[in-house]
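*Asks:* Structure in structure tokens, see below.
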Amino acid sequence: MKVSKEKAAENRAAIVKAAGRLFRERGFDKVGVAEITKAAGLTHGGFYGHFASKDALAAEACEAAFTESLDRLPADEESPEGALDAFLTRYLSDRHRDRPDAGCPMAAFAGEVARQDPAVQERFGAGVERFFEAVEKRLPERDGEGDAGRRDRTIAIVSALVGGMALARATAPTEPERSAEILAALRRQLGVLGDGVGNGGA
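In the working numbering, the protein residues as written are 20 to 221.
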């Protein structure tokens with residue numbers, strides 16, 4: 020039976036969504052095409068009608084994961100400080116730590132993306148830049164800081180978030196108190212970079 024264009028697009032989107040969640044949860048190399056299509060509610064046989072390879076899917080799933088994550092950022096129109104504070108509180112939460120499948124692709128993929136296909140690396144790099152831009156828009160201004168200083172502050176905050184979340188996840192199964200300590204320390208100390216932002220929620 021021939022599938023309509025609308026249904027084909029729906030199936031493709033389901034594969035990308037399932038792949039993004041499984042890749043974030045278990046890693047690119049620990050998930051196969053058959054498992055992804057099953058999670059999407061489809062058969063293995065139709066996969067190559069949508070993607071030339073697993074690497075092609077991984078690249079698209081990586082980009083989609085960044086879009087999903089960025090779409091959840093609080094709006095910044097009225098209060099950049101409030102938007103960034105809400106974002107940091109959500110990012111450094113137990114819920115985010117415990118749900119990598121639905122979380123930030125930087126924390127999920129940073130440790131393995133360098134070993135992936137160049138197309139995946141390119142999408143990841145583009146996603147990181149999109150994340151930098153989104154966070155920078157939400158940073159409170161500092162007198163005399165300049166563009167370079169603001170960029171440095173953005174990179175420092177994002178890098179601390181990603182590395183801290185990776186450590187919190189790595190220690191959570193056997194050292195839950197240490198994991199909680201990492202998240203609490205970041206919530207407090209990121210206030211130094213964000214001019215008071217991130218001090219709450221410890």
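Idealized CB from N, CA, C, for every residue including glycine.
For K6, count the other beta carbons within 10 Å of its own beta carbon; 16 or more makes it buried, fewer makes it exposed. Which is it?
*Replies:* Examination of residue 6 is not possible in this model, given that the chain is present from 20 through 221 alone.
*Asks:* Contact check, F47 vs E131 under 8 Å by CB: the rounded distance?
*Replies:* Between E131 and F47 the Cβ distance is about 6 Å, and since that is below 8 Å, they are a contact.
*Asks:* Out of R169, E194 and R188, point me to the one whose CA is closest to A127's CA.
*Replies:* Ranking the options by Cα distance to A127, first place goes to R188.
*Asks:* Is the Cβ-Cβ distance between V154 and C81 less than 8 Å?
*Replies:* In this structure, C81 does not lie closer than 8 Å to V154 by Cβ.
*Asks:* Are there 16 or more other CB atoms within 10 angstroms of the CB of H69, so buried, or fewer, so exposed?
*Replies:* With 16 or more other Cβ atoms within 10 Å, it is buried.
*Asks:* Going by other Cβ atoms of all chains shown within 10 Å of its Cβ, with 16 needed for buried, is T62 buried or exposed?
*Replies:* Label assigned to T62: exposed.
*Asks:* Which residue's Cα is closest to the Cα of D104: A191, P195, L180 and A32?
*Replies:* With distances taken between Cα atoms, D104 lies closest to L180.
*Asks:* Less than 8 Å separating the beta-carbons of A84 and P137?
*Replies:* It is not a contact, given that the beta carbons lie outside the stated cut-off.
*Asks:* Terminal residues of the continuous alpha helix (DSSP H) containing P124?
*Replies:* That run of the alpha helix (DSSP H) goes P124 to F128.
*Asks:* Only counting the same chain, and skipping five residues up and downstream in sequence, which positions put a Cβ closer than 7 Å to that of A94?
*Replies:* Closer than 7 Å at Cβ, skipping near neighbours: A102.
*Asks:* How many angstroms separate the CA atom of V35 from the CA atom of Q208?
*Replies:* So the two alpha carbons sit approximately 36 Å from each other.
*Asks:* Would you please verify whether the beta carbon of E82 is less than 8 Å from any beta carbon of chain B?
*Replies:* Structure shown: chain B not included; a single protein chain is present.
*Asks:* Find out if the Cβ-Cβ distance for the pair D120, R40 is shorter than 8 Å.
*Replies:* A contact, by the Cβ cut-off of 8 Å.
*Asks:* Within 10 Å of its beta-carbon, does G122 have 16 or more other beta-carbons around it, so buried, or fewer, so exposed?
*Replies:* Classification for G122: buried.
*Asks:* Going by the CB atoms, is the gap between F42 and A77 shorter than 8 Å?
*Replies:* Yes, they are a contact pair.
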